[in-house]
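There are 2 protein chains.
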Amino acid sequence: MQSVSKSTLKRLPIYLHYLKTLVPLDQQNISATQISQALGLGEVLVRKDLASISNGGRPKIGYEVHALIATLEDYLGVGKVSKAVIVGVGRLGQALMMYKGFGEFGLEIVAGFDVRPSPGVGGKPVYDVKSLSSLLPQMGASIGIITVPAAVAQDVADELIRAGVKGIWNFSPVHIVVPQAVAVKNENLAASLAVLSKQIK
Amino acid sequence: MQSVSKSTLKRLPIYLHYLKTLVPLDQQNISATQISQALGLGEVLVRKDLASISNGGRPKIGYEVHALIATLEDYLGVGKVSKAVIVGVGRLGQALMMYKGFGEFGLEIVAGFDVRPSPGVGGKPVYDVKSLSSLLPQMGASIGIITVPAAVAQDVADELIRAGVKGIWNFSPVHIVVPQAVAVKNENLAASLAVLSKQIK
DNA sequence: CCGTATTCGATAAAAACATATCGATACACG
DNA sequence: CGTGTATCGATATGTTTTTATCGAATACGG
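This is the structure we're talking about:
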């Protein structure tokens, strides 16, 4: 139960998701070897990752599936739902608002903001972006998702921070500068793509 | 001009995008210091990245903007357009089909496939997924983008590979197993989110 | 009840990556 | 024409992450 590295943290949700697929199969136990093969990771890596959060498996048996799931969910804070708002309800923003998969990891998107307000997307309201600073505090959202064009991404980020968000998930293709107290995750799709293209050569 | 590490490769498109914003400003030269400040990266890191692809900058002056852009574009293969198809035209798939930013990095999405064909999204046709193996070869697409539910992601990947794609961009929340000859980039949004949530604590 | 195969956990080695330091170069300015 | 300063490139150091190795523990078969 020591500290968890950033790269380990990235894999934990993947383990969790995989383990959940085992539940319907009534498999009680799972070995690190088995996990590593299913996910295409190194065997030792998996064991090390699991060691950092779980309280151990048993030789010849492996880890107890349900206990491991519970540990992972607890660690990742599933259940303690974080609320988020999306700024920029274009195609990508809409897609994220409709996306079902976030609930599994404890995120609830409560509203959207856009220059063009609309009655609602996926049952959630879309307000005028001008009212962001006034509405956001009472929503209790701690995460801001940025899906606006590159030109205004930094402005939106600044405004979100001023309104009190603790974390920013940035889908625009520019790097965003923030105070140290705020966490940022850049999700530059165009960059990811370039990496893939290059690998293909 | 040595080999380029994976993490460097991830940053190159970011540099490229930033440099392009300088063109309208008629700025002839740019220093690594300036880039590092604008993007929030280490100064030395930027210099090292650029050294690995460019043929050098000049002290007191910096790098020549246009030459650097040309070098980056050449290295990243912009111009040599790769074609891609999207399998799974739900909300996320639609968003990607509409997204304008990919062209900048040399990707053209030529068609979509779904269990429910539709007349077209963003001017691109959406075919029945059953006809994937017959239509894909004549399209000349080398990249397959997977935006289907987790349960069928592996099946779709297998079929894409059988149809001859060289790379897969996987947006489903499961890890996909592929032969070594095929490049995969997993874009697990739920996992990214978990990392962000955890950072906020 | 004992040997064997499997699996865990810990330590050590290796690799990848980021950061720091330093001399060299080229322009600016007096 | 010399000095100062900004900036590059290279080397070195430190950190993080992955991979390899080894002993110990435990269930299962005989």
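Read top to bottom, the protein sequences are chains A and B.
Using this note's numbering, you'd call the opening residue of the first sequence number 1 and step up by one each time.
Using this note's numbering, you'd call the opening residue of the second sequence number 1001 and step up by one each time.
Just so you know, even glycine gets a beta-carbon here, dropped at the ideal spot from N, CA and C.
Please read all numbers here as calculations on a predicted model, not as lab measurements.
Paired residues, beta bridge with residue i - DSSP
i: A/Phe113; result: A/Val87 and A/Tyr127
i: A/Tyr63; result: A/Ile30
i: B/Ser1118; result: B/Val1126
i: A/Arg58; result: A/Gly62
i: B/Ala1183; result: B/Gly1167
i: A/Gly144; result: A/Val85 and A/Ile168
i: B/Glu1108; result: B/Lys1083
Status (buried if at least 16 other CB within 10 Å, exposed otherwise) for residue i
i: B/Arg1116; result: exposed
i: A/Arg11; result: buried
i: B/Ile1014; result: buried
i: B/Met1001; result: Here the model assigns B/Met1001 a pLDDT of 48, short of 50, so the residue's position is not dependable, and the following value carries that caveat. Per the 10 Å Cβ criterion, exposed.
i: B/Pro1173; result: buried
i: B/Val1023; result: exposed
i: B/Leu1132; result: buried
i: B/Ser1197; result: buried
i: A/Asp114; result: buried
i: B/Thr979; result: Summary: the structure shown does not reach residue 979 of chain B, with chain B confined to residues 1001 through 1201, and so no result is reported for it.
Expected contact under 8 Å - CB spacing of residue i and residue j to nearest Å
i: A/Lys185; j: B/Val1195; result: 6 Å
i: B/Leu1193; j: A/Leu107; result: 6 Å
i: A/Gly122; j: A/Met97; result: 5 Å
i: A/Ser52; j: A/Thr8; result: 6 Å
i: B/Val1081; j: B/Ala1111; result: Contact doesn't hold; Cβ gap of about 15 Å is too wide.
i: A/Leu39; j: A/Tyr18; result: 6 Å
i: B/Val1126; j: B/Ser1134; result: In fact, because the Cβ distance is near 16 Å, the residues do not count as touching under 8 Å.
i: B/Ile1035; j: B/Val1046; result: 5 Å
query = Counting pairs of Cβ atoms below 8 Å between the region 1088-1105 of chain B and the region 1051-1063 of chain B, do you hit three or more?
reply = no
task = Select from the region 1063-1088 of chain B all residues with a C-beta closer than 7 Å to any C-beta belonging to chain A, and list them in chain order.
result = Leu1076, Gly1077 and Ser1082
inquiry  = Please identify, using Cβ separations under 7 Å, the residues of the region 90-117 of chain A that lie next to chain B, in order along the chain.
reply    = Arg91, Leu92, Gln94, Ala95, Met98, Tyr99, Gly101, Phe102, Glu104, Phe105, Gly106 and Leu107
key: Short-range partners of chain A found in the region 1011-1029 of chain B, where Cβ spacing is below 9 Å   = Arg1011, Leu1012, Pro1013, Ile1014, Leu1016, His1017, Tyr1018 and Thr1021
query = Can we say the region 136-147 of chain A touches the region 160-178 of chain A, given the rule of at least three CB pairs closer than 8 Å?
reply = yes
request  = Using a Cβ-Cβ cut-off of less than 7 Å, give me the residues of the region 1027-1046 of chain B that come near chain A, in sequence order.
outcome  = Leu1039 and Gly1040
query = For the region 1154-1188 of chain B, which residues have a beta carbon sitting closer than 7 Å to at least one beta carbon of chain A?
reply = Lys1166, Gly1167, Trp1169, Pro1173, Val1174, His1175, Val1177, Ala1183, Lys1185, Glu1187 and Asn1188
query = Are the region 154-168 of chain A and the region 68-79 of chain A touching by the rule of at least three beta carbon pairs closer than 8 Å?
reply = no
message = Tell me which residues of the region 1125-1154 of chain B have at least one Cβ-Cβ distance to chain A shorter than 8 Å, keeping chain order.
response = Ser1142, Ile1143 and Ala1150
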